[in-house]
Each structure stands twice: as structure tokens, then as C-alpha cells.
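Participant:
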């Protein structure tokens, strides 16, 4: 007989330490000879990222032990931080970005030496940063993105494609770095060299557009020692987003772009590249799903060309699958397996395709598909059930109706614990989760932070509000000039629907979110009476402050599309900012902030708190030294999760003595 217990009081083996230890995922896979490499999170080691390799025999080894931290800060969100090339003798040669100083290093992992710097240090602003490297051993260079700060302001910056000598001659000499492009464009990705070595392709865009608004695929002729010549756009534009470009073996240019409603794979034939503005042919049109996504990091990949001419693609609507596309016939065959989310990173060699995938029952793991046999298998960072999977929640994929009869997509996680049941006369508390971005979405994967709450009897609803990706351009542009309106309305609509149908207790609803989700959480507390409390993590709280030198360069003009140009609609910036409406907040909240956050700086949180003083609003503020945007350290995540649970415990009247009590101030 399973005992009964009030929702929120259930005991659970999923504690905060366990949830924190499983935070993060493998990223940026690559195939080096017969080996597969990737970066892996290490939350218990200060949040560093470790470069890993899977030997041909199956053993997983560290390429770079502590304190090396393989992570780039280009555009602050980073990008691909490593590349390697196999050599006939001497083993592979690898280059990587070390997070502490952002220098590019070279390393021979099978040799005896230590990593050697390839790039210099600059004292101007954020210095020199690098991302999306490709090693060209024959040329003796690494081609990559250079982000160079020219002053102290976060927007005093230029970005170009650059070639860094492998011999170390630029380690103390900035002039030895060869610039491959000029800085006419504010943002670029790393250049890709055509099979014949004559051309390079990359992506470029400019303020005020974000990369999911409009970018261009650029092609230039490769000269011997200078910059690319005859540089020209071949696809994309102000209202077409090119998310990835790669060369096919025959010299065709493959790209993902969205001239219609969906990111789709397209091809420009070699002969067309010599003309003025070539036309791109769709290879998978009319499927009504995404074959790309938002370029939040430089070097993300949604497709990879195979030697056979087939193309490995990540595609889907609301979730993603790995498929093999025949570009000549349009036939698409998906890989077998339980995975419902493939991260935007792929590598291919021969008949092998490697990616990173997860499911509602497994965390992210490195997965290999053999296209010859159709067999898929986990080859790295394999998911291990740290607790009985009976404690994991089962997601319900739901579509709700919001204002104006618009569809709202959500994942509903009911409270679930194999050792407890609730009485029939009680409804569970629910927390609405607003994802970050806001141009992003909540993936359909196992998240032990969600299980931390559901296994204790608190439900979670992840809302992919209007503006989310994965459902086409029309859906993501619902948020255009409507941030703080559509996201708030959609989250409230889901919460109220759950209450109306008897799934959630209407008096015990909460909202939480980080970054842009933190904005939505704060705006919801200030603009609705739906929620009993809220958790706000590293948020935007003051639109005017954020738009006027309050954030980093990449997002410095994001609000022009999300809200409108400040000079034209100053009233919106005032009317929608939670900091301007603290007097409307009447319920408890928890505010969590990293003190080293360059994206949502702590000054906003501190100004917000100052305005709450003396208003009688129960609240708590926890600031974390050494944390940036998104928490990476295990001790931080443990404290944050336990504080959040304590907030709900106190607000919802749930007795819990197994966590530290959060001190709420009035």
C-alpha cells in the first residue's frame, strides 16, 4: 500500500546536489582520426568545461585536465572553442580557447609538452577572444573568428575572420594575426574553405538584427597571404536567417535558411556561385518543420555532409530528430532510438555521424549513427540513472489556447513519486517555467531540476510561449515588439488553464525563469494576479537601462525587435519594465544573481531591490560571487534550488525541515 502525503511534502532521493551534478551537457563534438571528441561540463570543478576524447577502443579520457577550461566568450554566449586535425605521424594537433585568458592555445595530446599560446593578450576592454576554429595543417594556420575590443565599453568591439599561425609567432605579436575579412560586418562566423581551396564561406550580420532575424551567407576568393577578395553575399538578407553554411564535396554550398516560414536545407551549385546573386534550391521544402535554429553560439551545426553525398540533418517541430537526407530525391530517414532532442552539434566521417542527444528518460549523451547499418549507439557521456527512474516525471505535450485563440505549446510535468500518493481532495501546486532567450525553447528532455520538484509533489509546466523557436518564423515573431505582453499572457493562460481543468491548485501557482525567463517571471508578478510567488534568476528588469549600455554588444540592440526602438516608443520601455512597477508586486519572490554577469548585470537586480525597500513585499536576494550568466558551479546550484524550494514551501504552506529555511525579508 503506497502511503499518502500532502503535495510538496513527499520525500525524494533526488536532492539538490544530485540535480546540480547532472547540470549541463556535452557540446561541440568532433571526429579526430578514429576518435570522437567533445567538451563536457564539470559543475563540481568550478563549472569548467573539459575537452574529452573517446579512443578507438572505447575508453573515455580527458584531453586537458584541470585547470584548463575549454570555453570561449565570443559574443559572451561563446561558440565552438576547439578544433583538431589528425596527422600521419605524431598524433593529433589540437587548438582550444582557455576561458581564463581567452587565448588560443595549441596542444599535442599524445606528446609530452604543455599547451602553448598562439595568440597574445590585449589590455583593451575585454581583450582578444576567439571562436569557431578550423585547423589547416597544410597552411600552418587556424582559421577562426576574432573578437577584438577597442575600448572599455562592451560595445567597443570589432569582429573579423582571422588566420592565426600555428607556429606561435602571434603569441606576443597581434600583427602576426592575418585578418581574412574586413570589419564591415558587426558579426561573423568562422570561414569554411571549399574543397578546391579557392573559396571561403561564412555568415555575417549587423545591428540591429539578431541572427534569427536576418543574416547573409558570404563567399570570398582565397588569396595566398592576404584577405579574401571578391567578397559577396550569396544568400540571406534582412528578413532571411542563414544559420549554417558548409561546402559539399562537389563544390556546392549547402546552407540552412528561412526564406519562408521554416529553416530549411538549401543548395547553391558551383556554377551558380560565379554569377551575381545565385539562387538556392530547397532540398527538403514543404515539410513544415525546422532544419535549423537560433545562432546563440558561433559554430552551431544542424547538418553535416557525408562522403556518400547524403546529408545528416537535425530537424523537427517542437522537438528534434536526427535524419539522413538524400539531397537528390528529398528522401529523409530518421535514426532509430528514444531521443527526442538533438543538440545543434554534429560531426561526420565516412559512414559515421556523431551528435549529442537526450530524451525524457535520459540526459544528454554522445550518440553515434552508422549510416551503413542504421545502428545507433551511445558512445560517450552515457546517461546513468543515479536514482530509480521511477522517480522521473513523464511529460505531457500539450497545446493550450491563449488570447485571440492563439496556440501555446507547453510540456506538463505532473507531480510523481512511486512512494507517495496525494489525497483525492487536494490539488497540487504548480510552477510555470519560462525559458530564456526569449528566442529559444524548452527541450523535451530529462531535467533533474524538474524532477527535484515533481518528485516532492510540485508540478512543473514548461511554456514555449509565443516567440519560441521550433515552430516556424511566424510563431517566433509573435514576440516582435510584444516582449512583456505575449510571453506574460501565454504563461498566464497555461497556468489558468491548468487550474480550470483541475490539474493545478489555483491558489498555489508560481512562476520562475532565468535571463529572459527571469524578465517574464518578474513582469508576470508585476502585471498579473495569477501567481502566489515567483523565482527570478539573473533577469532583465529595466528595459531602458538594459538598452543604454546595460548589456553586452551581441544583445545591445535586441530590444529594438522585442519592444521597438527606444527613441520611437519610450513609453513601452517604461510601461513594461518590472522595475517601474514594483508597487504592483504583492507576493513573495526570490531573486538570484551572478555577480560577474556581463549580460544581465547585478546592477539591475540591485536597483530593483532598492525600490522594494519599505513596501512590505516578502523577498530574498542571493548573489553569487564568481558566477556569470547561468549558474555553473555545483555549490551555487545547490543553494539556489534549496532556496527556491523553501520559497514554495513557505508560500504554499508546505512543512519541510530537510532544507535550509530561506529568510524572507519584508
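Numbering (my numbering), first residue to last: 3 to 668.
From the three backbone atoms N, C-alpha and C, an ideal C-beta is built for every residue, glycine too.
Here's a check: name, in chain order, each residue in its chain whose Cβ is nearer than 8 Å to the Cβ of residue 424, leaving out the five neighbours to either side.
Facilitator: Contacts found: 6, 7, 8, 9, 417, 430 and 459.
Participant: If we ignore side chains and look at the alpha-carbon of each, how far apart do residue 115 and residue 109 end up?
Facilitator: Computed Cα separation, rounded: 8 Å.
Participant: Can you find the residues in the same chain that come closer than 7 Å, C-beta to C-beta, to residue 482, ignoring five residues on each side of it along the sequence?
Facilitator: Here the set comprises 563.
Participant: Cutting at 8 Å between CB atoms, please list the residues of its own chain near residue 643, excluding the five before and the five after it.
Facilitator: For residue 643, where only same-chain residues beyond five positions count, the Cβ hits under 8 Å are 18, 21, 22, 451 and 454.
Participant: For the alpha helix (DSSP H) containing residue 519, list its first residue and its last residue.
Facilitator: Segment 518-529, the alpha helix (DSSP H) holding residue 519.
Participant: Give the C-beta separation of residue 52 and residue 72 to the nearest angstrom, bearing in mind that I take them to be a contact with Cβ-Cβ under 8 Å.
Facilitator: About 7 Å separates the two Cβ atoms, so the contact holds.
Participant: Hey, could you find the ends of the alpha helix (DSSP H) residue 610 is sitting in?
Facilitator: Here the alpha helix (DSSP H) through residue 610 covers 604-614.
Participant: Would you list, in sequence order, the uninterrupted beta strand (DSSP E) runs of no fewer than 3 residues that lie entirely inside the segment 82-168?
Facilitator: Within the segment 82-168, the complete beta strand (DSSP E) runs of at least 3 residues are 84-87, 95-99, 106-109, 130-138, 143-151 and 159-167.
Participant: Cα separation between residue 236 and residue 280?
Facilitator: Residue 236 and residue 280: Cα-Cα distance of roughly 6 Å.
Participant: I'd like to confirm the pairing. Which residues does DSSP put opposite residue 513 in its beta bridges?
Facilitator: Beta-bridge pairing links residue 513 to 434 and 536.
Participant: Going by alpha carbons, who is nearest to residue 234 out of 205, 376 and 212?
Facilitator: For residue 234, the nearest C-alpha among the options comes from 205.
Participant: Report the CB separation of residue 127 from residue 149 in whole angstroms; it is logged as a contact under 8 Å.
Facilitator: Not really, about 10 Å apart at Cβ, beyond 8 Å.
Participant: For residue 537, which residues in the same chain have their Cβ closer than 6 Å to its Cβ, ignoring the five residues on either side in sequence?
Facilitator: 514, 592 and 646.
Participant: Kindly identify the DSSP beta-bridge partner or partners of residue 383.
Facilitator: Note: residue 383 sits in no beta bridge, so no partner.
Participant: Could you pull out every residue in the same chain whose Cβ sits closer than 7 Å to the Cβ of residue 253, ignoring the five residues on either side in sequence?
Facilitator: If we look at residue 253 and ignore the five residues flanking it on each side, its Cβ neighbours are 196, 197, 198 and 272.
Participant: When DSSP labels each residue in this structure, what does residue 658 get in the three-state scheme?
Facilitator: Note: residue 658 maps to coil in three-state DSSP.
Participant: Which first and last residues belong to the beta strand (DSSP E) in which residue 488 is found?
Facilitator: First-last for residue 488: 488-502, but that is the alpha helix (DSSP H), not the beta strand (DSSP E).
Participant: Should residue 497 be labelled buried (16 or more other beta-carbon atoms within 10 Å of its own) or exposed?
Facilitator: Looking at its Cβ environment, which holds 16 or more other Cβ atoms inside 10 Å, residue 497 is buried.
Participant: For residue 623, report the span of its alpha helix (DSSP H) as first-last.
Facilitator: Counting along the chain, residue 623 falls outside any alpha helix (DSSP H), though it belongs to the beta strand (DSSP E) covering 621-626.
Participant: Is the segment 524-541 close to the segment 577-585, with three or more CB pairs under 8 Å?
Facilitator: Yes, since at least three Cβ pairs between the segment 524-541 and the segment 577-585 fall closer than 8 Å, the two stretches touch.
Participant: Buried or exposed for residue 61, going by 16 or more other Cβ atoms inside 10 Å?
Facilitator: Result: exposed.
Participant: Pick helix, strand or coil for residue 268, following the three-state DSSP scheme.
Facilitator: Here residue 268 sits in strand by DSSP.
Participant: Would you call residue 396 buried or exposed, if buried means 16 or more other Cβ atoms sit within 10 Å of its Cβ?
Facilitator: So residue 396 counts as exposed.
Participant: Taking residue 177 as part of the alpha helix (DSSP H), name the residues at either end of that continuous run.
Facilitator: Residue 177 -> no alpha helix (DSSP H), and no H or E assigned at all.
Participant: Let me check one thing: in DSSP terms, what residues is residue 333 bridge-paired to?
Facilitator: Paired residue(s): none; residue 333 is not in a bridge.
Participant: Check for me: the beta strand (DSSP E) holding residue 21 runs from which residue to which?
Facilitator: No beta strand (DSSP E) contains residue 21, which is instead part of the alpha helix (DSSP H) from 18-23.
Participant: According to DSSP, is residue 583 part of a helix, a strand, or is it coil?
Facilitator: In the structure shown, residue 583 sits in a helix (DSSP, three-state: H, G or I).
Participant: Between the segment 649-665 and the segment 520-535, do at least 3 Cβ pairs fall closer than 8 Å?
Facilitator: Yes, since at least three Cβ pairs between the segment 649-665 and the segment 520-535 fall closer than 8 Å, the two stretches touch.
Participant: Closer than 7 Å by C-beta to residue 131: which residues in its own chain qualify, once you throw out the five before and the five after it? Chain order, please.
Facilitator: The answer, listed in chain order, is 74, 75, 76, 104 and 149.
Participant: Is it buried or exposed, residue 28, if we count other Cβ atoms within 10 angstroms and call 16 or more buried?
Facilitator: Buried, by the Cβ-count rule.
Participant: State the beta-bridge partners of residue 403 as determined by DSSP.
Facilitator: Note: residue 403 sits in a beta bridge opposite 409.
Participant: Would you say the beta carbon of residue 45 is closer than 7 Å to some non-hydrogen atom of the ligand FMN?
Facilitator: Absence of the ligand FMN from the depicted structure is noted, as is the absence of any ligand whatsoever, leaving it without description.
Participant: Rounded to the nearest angstrom, what separates residue 495 and residue 404 at their Cα positions?
Facilitator: Each residue's alpha carbon lies about 6 Å from the other.
Participant: Which whole-angstrom value describes the C-beta separation of residue 357 and residue 344, a residue pair presumed to lie in contact below a C-beta threshold of 8 Å?
Facilitator: Correct: roughly 5 Å between the Cβ atoms.
Participant: By the three-class DSSP mapping on this structure, what secondary structure does residue 460 have?
Facilitator: Of the three classes helix, strand and coil, the one that applies to residue 460 here is coil, per DSSP.
Participant: Since I believe residue 39 is in contact with residue 55 (beta carbons under 8 Å), could you give me their beta-carbon distance rounded to a whole number of angstroms?
Facilitator: Sure, about 5 Å apart at Cβ, within 8 Å.
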